[in-house]
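Single-structure report; data block below.
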Amino acid sequence: MSLTVSFSASAQYQSLCWRISGNGLKAPSYIYGTMHVSDKRVFNFGDKANKAFAESKAYAMELDPEKAMSMGTLTKMIMTDGNKISKLIPDSDYQFLDSIVKITSGFGMALFNSMEPIIVSAILDEYGMGMTSSDTSNMDQEMDMYFYKKAKKDKKKVIGIETVDEQIGALHSLNYKEQADLLIQSIQDIKKGAQSSDADLMKYYLAQNLDSLYAMSDDQQMPPKLYKAMITDRNINMADRIAVFIHKQSTFIGVGAMHLPGDGGVIALLRKKGYTVEAWR
33 MSLTVSFSAS
43 AQYQSLCWRI
53 SGNGLKAPSY
63 IYGTMHVSDK
73 RVFNFGDKAN
83 KAFAESKAYA
93 MELDPEKAMS
103 MGTLTKMIMT
113 DGNKISKLIP
123 DSDYQFLDSI
133 VKITSGFGMA
143 LFNSMEPIIV
153 SAILDEYGMG
163 MTSSDTSNMD
173 QEMDMYFYKK
183 AKKDKKKVIG
193 IETVDEQIGA
203 LHSLNYKEQA
213 DLLIQSIQDI
223 KKGAQSSDAD
233 LMKYYLAQNL
243 DSLYAMSDDQ
253 QMPPKLYKAM
263 ITDRNINMAD
273 RIAVFIHKQS
283 TFIGVGAMHL
293 PGDGGVIALL
303 RKKGYTVEAW
313 R
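Position one of the sequence shown corresponds to residue 33 (my numbering), numbered consecutively onward.
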């Protein structure tokens, strides 16, 4: 699929912030496509989004941090039966991975060797986006936590759309070998200098061009069962739950931008439920 789709007359998703109204709502709610990075550039939300956040009574995010950050959560992502990443990937890839993880997290792979490979793949994604721990152009927190802390300061209700077990269950759609194969592919891409797609992702995000982000996700070869678990099924769950709590109070909703566009995206799913969802920028 060509990324030029976003510049054609068929472009449909050209905003990060969307207003949800109609279908019996007493007050509008808003949904914002976030990016799980701390790059200062993504914190330029715009006047309309800032006003929408300020006027909302609640803030909803994928996971409530107070429920997500626990030792119990971490233990669920540790491999069983003595599996180690160092045993699942070639030595040369492991040594290369160790150097990247040190740059990105400040720690070596020894700390992550027992973690499931898909967790380390997420660290590589941050590296691909240029998000290193020493980067002075970064905020001291990711966007999701920025909204969360602001909501707590403003005494807004905080809603976790998903549970930790649900997100972990989605990650577990791949076995350790399949996760390791995905990690090896990510390592090979970085070795080849194939980080241009990450730069494109940031470029389209800053342009609020969800059509091109969606085209990129369509072009990228995520294993079908992982895409179904991580994107398709979660979109359905999020739309179903959003449709409940926005009737209780006006809510500013922050979810990963990739969940918004497309026929199976949260925006389209909410429209199918009878809501008016319009770009708000």
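We put the CB at the ideal spot given by N, CA and C, even for glycine. Keep in mind that this is a model prediction, so the values were computed, not measured.
DSSP three-state assignment for residue i, whether helix, strand or coil
i	result
residue 267	helix
residue 296	coil
residue 248	helix
residue 170	strand
residue 262	helix
residue 34	At residue 34 the pLDDT is 39, less than 50, meaning the model places this residue with poor confidence; the figure from the coordinates comes in the next sentence. Coil, per DSSP.
residue 189	strand
residue 63	strand
Cα-Cα separation between residue i and residue j, rounded to whole angstroms
i	j	result
residue 35	residue 139	Summary for residue 35: the model assigns pLDDT 42, below 50, so the residue's position carries little reliability; its value from the coordinates is reported in the next sentence. Near 36 Å, if we compare the C-alpha coordinates of residue 139 and residue 35.
residue 287	residue 74	14 Å
residue 188	residue 209	43 Å
residue 257	residue 206	8 Å
residue 238	residue 85	19 Å
residue 135	residue 278	41 Å
residue 302	residue 100	26 Å
residue 116	residue 145	5 Å
Residue i and residue j closer than 8 Å at C-beta
i	j	result
residue 49	residue 80	yes
residue 110	residue 141	no
residue 299	residue 45	yes
residue 108	residue 193	no
Counterpart residues of residue i in DSSP-defined beta bridges
i	result
residue 314	Summary: the structure shown does not reach residue 314, with the chain confined to residues 33 through 313, and so no result is reported for it.
residue 147	110
residue 310	51
residue 71	170
Proximity test, Cβ basis, 8 Å: residue i and chain B
i	result
residue 156	Looking at the structure shown, chain B is missing, and only one protein chain is on hand.
Should the region 197 to 216 be regarded as contacting the region 121 to 140, the criterion being three or more beta carbon pairs within less than 8 Å?
Cβ pair count under 8 Å is three or more, so yes.
Taking contact to mean at least 3 C-beta pairs separated by less than 8 Å, is the region 284 to 301 in contact with the region 233 to 253?
The region 284 to 301 makes contact with the region 233 to 253, as at least three CB pairs between them are under 8 Å.
Evaluate the contact criterion for the region 277 to 286 versus the region 50 to 58: three or more CB pairs, one atom per stretch, below 8 Å.
Touching, per the Cβ criterion.
If contact is defined by three or more beta carbon pairs under 8 Å, each pair taking one atom from either stretch, is the region 62 to 72 in contact with the region 259 to 266?
Using a C-beta cut-off of 8 Å, the region 259 to 266 makes no contact with the region 62 to 72, since fewer than three inter-stretch Cβ pairs fall below that distance.
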